[in-house]
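To start, the structure itself, in structure tokens.
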């Protein structure tokens, strides 16, 4: 949240007060859906709210859990990622161990049970559980027909023990087909239209101008943009140094200062305590624009560079086993998700049948105290 939220949210005092009222007012229904177009400031508003809830749990206030969906990061736009992240948050909130790993249905059932438990415990303590989900329009599981498998379809239709749910996204795409007709998300009465923020529009203009400058910039600037767009985020400075051959000082100078509005940073998933950061495009619209301007052929070129890089770690060499201990996190997590998004079956099969890679993932997951379900 600290990476998503702006240093200062300007001109949204009324909206923050309305969100607080929704959480605390006993007369309100269980759902509200904040809708707006791109660059309106939805994520800025909700991330600020998550960091500053109206009252802490100790005061009988809000017990808050959240998930921010973004297609710019390969591991952050699926129902599986939603289930994993919320399960971890709820277990921490309830001071419980993570549930035993099972299949997808078992994990989702465990999540719904944890939500009900947390709602009941918070109510008994005089508070209220609130779930915040931003970016419903960026959910990669949103499809039509029998294959729909969305995050929206997993949200409880009848929240228990006074639980409240705040969702945000664009009006389109439409509600996925796996959301029942009776679900509150299909009630137009829960919709709250968010007006555009002039401050967000300023960021849009500056970010798009910066993007176009990078597209016509130096070779290293073009490579950083192309690789992060093709990879769908998740590459660290060290990863980009290996992929480009540029020195780390130059890479960080571009990503932190020269193109500070185009790129953003997040803590690495497996080593957050070490402060390691990964990079991604700063907004979904910037990612879409970069894909458009780069074009299919250039993106394919950058994906080929990622494939070559992965092959270097997969292939044993003198003195180095396949997938050595220093294998980049991206190659074990973000890379297969990128392949899934690109429908690259051949490379996915190569990873899936590689026992050395599975051994390394298990070793890394256990050493970093992550639930095996994330594998």
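In our numbering, the protein residues as written are 653 to 1027.
Virtual Cβ for every residue (Gly too), placed ideally from N, Cα, C.
Taking every protein chain shown into account, the CB of residue 901 has fewer than 16 other CB atoms within 10 angstroms, so this residue is exposed. When DSSP assignments are scanned along the stretch 817-873, the uninterrupted stretches of alpha helix (DSSP H) that are 4 or more residues long and fall wholly within it turn out to be 850-867. The alpha carbon of residue 942 has as its nearest neighbour, out of 877, 847, 675, 827, the alpha carbon of 877. Between residue 988 and residue 965, the C-beta gap is not smaller than 9 Å, which leaves the two residues out of contact. The Cβ neighbour count for residue 834, taken over all protein chains shown within 10 Å, is under 16; the residue is labelled exposed. A contact between stretches requires three or more CB pairs, one per stretch, nearer than 8 Å, and the stretch 755-765 fails this requirement with the stretch 819-829. With contact defined as three or more Cβ pairs closer than 8 Å, the stretch 838-852 and the stretch 944-952 are not in contact. Counting C-beta pairs with one atom in each stretch, the stretch 685-705 and the stretch 762-778 have fewer than three that are closer than 8 Å, which means they do not touch.
Assigned with DSSP and collapsed to three states, residue 677 falls in coil, not helix or strand. According to DSSP, residue pairing for residue 780 in a beta bridge involves 714.
Sorting 870, 697, 960 by C-alpha distance to the C-alpha of residue 785 places 697 at the top.
Unbroken beta strand (DSSP E) runs of no fewer than 3 residues, entirely contained in the stretch 929-964, are found at 929-933, following chain order. By the Cβ rule, the stretch 825-843 counts as touching the stretch 801-816, because three or more pairs are nearer than 8 Å.
Straight through space, the alpha carbons of residue 894 and residue 713 are spaced by roughly 48 Å. With fewer than 16 other CB atoms across the displayed protein chains lying within 10 angstroms of its CB, residue 840 is exposed. In this structure, residue 939 places its C-beta atom within 9 Å of the C-beta atom of residue 884.
By the neighbour-count criterion, in which 16 or more other beta carbons inside 10 Å mark a residue as buried, residue 694 falls on the buried side. Boundaries for residue 993: no beta strand (DSSP E) harbours it, while the alpha helix (DSSP H) harbouring it runs 986-993, taken from the DSSP string. The DSSP-derived three-state label of residue 888 is strand. For the pair residue 899 and residue 906, the Cα-to-Cα distance works out to about 11 Å.
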